[in-house]
Amino acid sequence: REHVKRDWKPYVCIAEDCAKLHPVPSFAGSRQWERHMRKTHSARWSRTIYKQPTWICDIDSKPPAGHIKTLRFATELEFLEHIQESHGPFTSQQLQTMAHQSIVFLNRAEDICPFCCFLIEDDSS
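Heads up: the sequence shown begins at 25 in the numbering used here, then just goes up one per residue.
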């Protein structure tokens, strides 16, 4: 069984940087893999790999033209619909420029799994 792990190295780096390498770094054991993830990609690797895009609307005018707090959108379409409905009208070129300028890539929250992006629930209770 151990020779299979050594031969096949089933623990593969999942970070974007390493995914571009040929061959992709792989490891015989989970400790080696975890050491690589922490050393090569930082101790916070689970929050920083494959960041999801977020579109931010921080138009600071007061309602009805604006909103009091910054709004975040998970898709460009949601962002563009909000901009057009709440702050428009805008041309398609203006909308595309706003979408390009408003996209950010935020670190994942500590309680979000980097593999499936679901909430990690605390089992300690």
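Note that the Cβ used here is the ideal one computed from N, Cα and C, for glycine as well.
Query	Result
Note down, in chain order, each residue of its chain lying with its Cβ closer than 7 Å to the Cβ of Leu104, except the 5 sequence neighbours on either side.	Leu119, Ala123
Would you kindly work out how many angstroms separate the C-alpha atoms of Ala24 and His91, rounded to a whole number?	Because the chain is modelled from 25 through 149, residue 24 falls outside the range shown and cannot be assessed.
Do you know offhand how far Tyr74's Cα is from Cys141's?	10 Å
DSSP has Tyr35 in a bridge; who is on the other side?	Phe51
What is the rounded straight-line gap between the Cα of Gly112 and the Cα of Val128?	22 Å
Select from Ser116, Phe114, Cys42, Ile107 the residue whose C-alpha is nearest the C-alpha of Ser126.	Ile107
Could you please give the first and the last residue of the uninterrupted beta strand (DSSP E) stretch that includes Cys42?	It is not in any beta strand (DSSP E) - Cys42 instead sits in the alpha helix (DSSP H) that spans 40-43.
In whole angstroms, give me the CA-to-CA distance for Ser50 and Thr115.	49 Å
Buried or exposed for Cys137, going by 16 or more other Cβ atoms inside 10 Å?	exposed
In this structure, what does DSSP give as the bridge partners for Thr78?	Val128
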